[in-house]
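Trainee:
Residue numbers (my numbering): 24 to 506.
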């Protein structure tokens, strides 16, 4: 009988990919995925340490499993990902029912750890951990980690019967930026760049299997540079060109997340010149204040960020750009926050992910800077920036009404109905009647090449296809269309 595996993922796209790779390995060992946590034979949480809220969810889940373990004493419980790497012994101490801890740099060892834990549930349970620790920053250890982790990516498998049309492909692991607020360099280790041919082969395999969109992943994806044994270097721009030319049947290629300091004009030109690379950038600014950017150790000024955004729009007028911001960073003044407001107003982002600063244990900011901006001030700044971005989103979306756009249909949805007042036009009773949809049509959700969300009604058989639709109405976060 197959053993049941419950795997829950928190955090970024990198964690989503890690979970997919882990799931592939465990399926090959006979595990069957289940959505029922408390009756699973193995429960794994793939965790994130970037935001406090994601960590709190994991604490809650682990607390709930105390009772489940009592009713299901052979259940194996594992915490993998960034929390496992950062908290290590503290997790075992707070939650003694945990059996496995495995950091993101050791995931190739996880299948064996799970297998050993399952075999030993009838005897004295032995805790297992596979963590990088500080020693992985030594070059000798780094090369060993590179070899073993590369095999995890190369071993991925999928079935066209799954119907999945979108996939992530990792091009770098780890991060060397050491932004003062960020724990990622400590939990994912130093930056390692995968060989370009391995990446190309992986994208080819996905394309041959019917995938229509591939997203290249990296903590700072545009910093990719692979040094070949013969001394040559493949840059990020080179990699984009090579993947584009090697996969002519892949309709969409995109990438996240970009770092402003390293984004070259050559990479922007590759986006412009390669017709199947999506004109979309997720490129976090974090602040509009040069002083705060220096405290964050970001390595660029607000003017340099604005110059990059303006250059991208000169080369690709239709480009959609998303950003990230932290408000209430230690010592941030009202004037400095208003500089962030001004930058946001100038850039007119497609959307922004806006967070109130919270100290992350083990980071430079947590150790050196007092968290001295009052919570009510953080909340006010957060709400003000959200309101501004919301108005920009509404304006950007309204400007798309009447356009025909290509979307990749992702699945069924349950989003709000389109507004009854659109561009000064009041919907009449006969128009409402005209807009009724056939009984077999459902609301479907798709995404444009610029990552805008589009809702429309059609037969569910359209899921997984590329369609051209006409935008008929818009809300702040959603476009509505007819096909």
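The beta-carbon is built from N, C-alpha and C at its ideal position, and this holds for glycine as well.
Here's the rule I'm using: 16 or more other beta-carbon atoms within 10 Å means buried, otherwise exposed. How should residue 78 be labelled?
Mentor: By the neighbour-count rule (16 or more Cβ atoms within 10 Å), residue 78 is buried.
Trainee: Taking its Cβ as the centre, do 16 or more other Cβ atoms sit within 10 Å of residue 203, making it buried, or is it exposed?
Mentor: Answer is buried; the Cβ neighbour count reaches 16.
Trainee: Suppose only complete runs of 4+ residues qualify. What are the alpha helix (DSSP H) ranges in the stretch 258-291, listed by chain order?
Mentor: Entirely contained in the stretch 258-291, the alpha helix (DSSP H) runs reaching 4 residues are, in chain order, 259-269.
Trainee: Taking 8 Å as the threshold (C-beta atoms), are residue 262 and residue 300 in contact?
Mentor: No.
Trainee: Whole angstroms is fine: what's the gap from residue 319's alpha carbon to residue 91's?
Mentor: Each residue's Cα considered, the two are about 42 Å apart.
Trainee: Below 8 Å CB to CB, which residues in the same chain sit around residue 161 once its five sequence neighbours on both sides are set aside?
Mentor: Residue confidence for residue 161 is low, a pLDDT of 35 falling below 50, so the modelled location carries little weight; the figure read from the coordinates is stated next. Excluding residues within five positions, none has a Cβ falling inside 8 Å.
Trainee: Inspect the CB distances between the stretch 364-384 and the stretch 414-432 and report whether three or more fall short of 8 Å.
Mentor: As far as the Cβ criterion goes, the stretch 364-384 touches the stretch 414-432, which means the pair count is three or higher.
Trainee: Which value, in whole angstroms, describes the spacing of the CA atoms of residue 124 and residue 180?
Mentor: In a straight line, the C-alpha of residue 124 is about 25 Å away from that of residue 180.
Trainee: For residue 272, which of 279, 229, 238, 245 has the nearest alpha-carbon?
Mentor: Taking only the C-alpha atoms, the option nearest residue 272 is 229.
Trainee: For residue 26, name the three-state secondary structure that DSSP assigns.
Mentor: In the structure shown, residue 26 sits in a strand (DSSP, three-state: E or B).
Trainee: Across the stretch 294-308 and the stretch 332-342, are there enough close Cβ pairs to call them in contact, namely three or more that are closer than 8 Å?
Mentor: Enough Cβ pairs lie closer than 8 Å, so yes.
Trainee: Considering only residues of the same chain and omitting the five flanking positions on each side of residue 29, which have a CB-CB separation below 6 Å?
Mentor: Once the five neighbours on either side are set aside, the close Cβ partners of residue 29 are 57, 60, 63, 66.
Trainee: Who are the Cβ neighbours of residue 392 in its own chain at under 6 Å, not counting the five residues just before and after it?
Mentor: So the qualifying residues of the chain are 353.
Trainee: Going by CA-CA distance only, name the one from 397, 278, 425, 119 that's closest to residue 356.
Mentor: The shortest C-alpha separation from residue 356 is found at 397.
Trainee: Residue 214 lies in the beta strand (DSSP E); which residues open and close that run?
Mentor: First-last for residue 214: undefined, no H or E at that position.
Trainee: Sorted by chain position, which residues of the same chain lie with C-beta nearer than 8 Å to residue 485's C-beta, five sequence neighbours on each side aside?
Mentor: Excluding positions up to five away in sequence, the list reads 432, 467, 506.
Trainee: With H, G and I counted as helix, E and B as strand and the rest as coil, what does DSSP make of residue 370?
Mentor: Helix, per DSSP.
Trainee: Apply the 10 Å Cβ neighbour rule to residue 280 and answer buried if 16 or more other Cβ atoms are within range, or exposed otherwise.
Mentor: It is buried - the Cβ of residue 280 has at least 16 other Cβ atoms within 10 Å.
Trainee: Express the C-alpha separation of residue 200 and residue 76 in angstroms, rounding to a whole number.
Mentor: Their Cα atoms are separated by approximately 23 Å.
Trainee: Let me know the beta strand (DSSP E) ranges lying completely inside the stretch 366-432, each 3 residues or longer, listed in chain order.
Mentor: Runs found: 374-379.
Trainee: Could you name the residues of the same chain whose beta carbon sits closer than 6 Å to that of residue 409, not counting the 5 residues immediately before and after it, in chain order?
Mentor: If we look at residue 409 and ignore the five residues flanking it on each side, its Cβ neighbours are 377.
Trainee: Pull up the distance between the alpha-carbon of residue 164 and that of residue 243, whole angstroms please.
Mentor: For residue 164, the predicted structure reports a pLDDT of 40, less than 50, and the residue's modelled location is therefore unreliable. The matter cannot be settled from this model.
Trainee: Name the two residues that bound the continuous beta strand (DSSP E) containing residue 178.
Mentor: Residue 178 -> no beta strand (DSSP E), and no H or E assigned at all.
Trainee: In whole angstroms, what is the alpha-carbon distance linking residue 348 and residue 246?
Mentor: Residue 348 and residue 246: Cα-Cα distance of roughly 20 Å.
Trainee: So, under 8 Å CB-CB, residue 189 and residue 234 are touching, yes? Tell me the CB distance rounded to an integer number of Å.
Mentor: Contact flag correct, Cβ pair sits at about 7 Å.
Trainee: Looking at the structure shown, is residue 164 part of a helix, part of a strand, or coil, going by DSSP?
Mentor: Confidence at residue 164 is low in this model, with a pLDDT of 40, below 50, so its placement is unreliable and the value that follows should be read with caution. Reduced to three states, the DSSP call for residue 164 is helix.
Trainee: Who does residue 437 pair with in a DSSP beta bridge?
Mentor: Per DSSP, none; premise fails for residue 437.
Trainee: What is the C-beta distance between residue 98 and residue 81, in whole angstroms, given that I count them as a contact (C-beta under 8 Å)?
Mentor: The Cβ separation is near 17 Å, so there is no contact.
Trainee: Classify residue 51 as buried or exposed, calling it buried when 16 or more other Cβ atoms lie within 10 Å of its own Cβ.
Mentor: Exposed: under 16 other Cβ atoms inside 10 Å.
Trainee: Which runs of the alpha helix (DSSP H) spanning at least 4 residues fall entirely within the stretch 64-130, listed in chain order?
Mentor: You should have 75-94, 105-110, 112-117.
Trainee: So what's residue 475 in DSSP terms, helix, strand or just coil?
Mentor: Coil.
Trainee: Report the rounded CA-to-CA distance for residue 35 versus residue 311, giving the unit in angstroms.
Mentor: The straight-line gap from Cα to Cα measures roughly 24 Å.
Trainee: In whole angstroms, what is the alpha-carbon distance linking residue 259 and residue 290?
Mentor: For residue 259 and residue 290, the distance between alpha carbons rounds to 7 Å.
Trainee: For residue 328, collect the residues of the same chain with a Cβ closer than 6 Å to its Cβ; drop the 5 residues on either side in sequence, then sort them by chain order.
Mentor: 283, 308.
Trainee: Assign residue 220 to buried or exposed, taking buried as 16 or more other Cβ atoms, counted over all protein chains shown, within 10 Å of its Cβ.
Mentor: Exposed: under 16 other Cβ atoms inside 10 Å.
Trainee: First and last residue of the beta strand (DSSP E) that includes residue 355?
Mentor: Looking at the DSSP string, residue 355 is not in any beta strand (DSSP E), and its letter there is neither H nor E.
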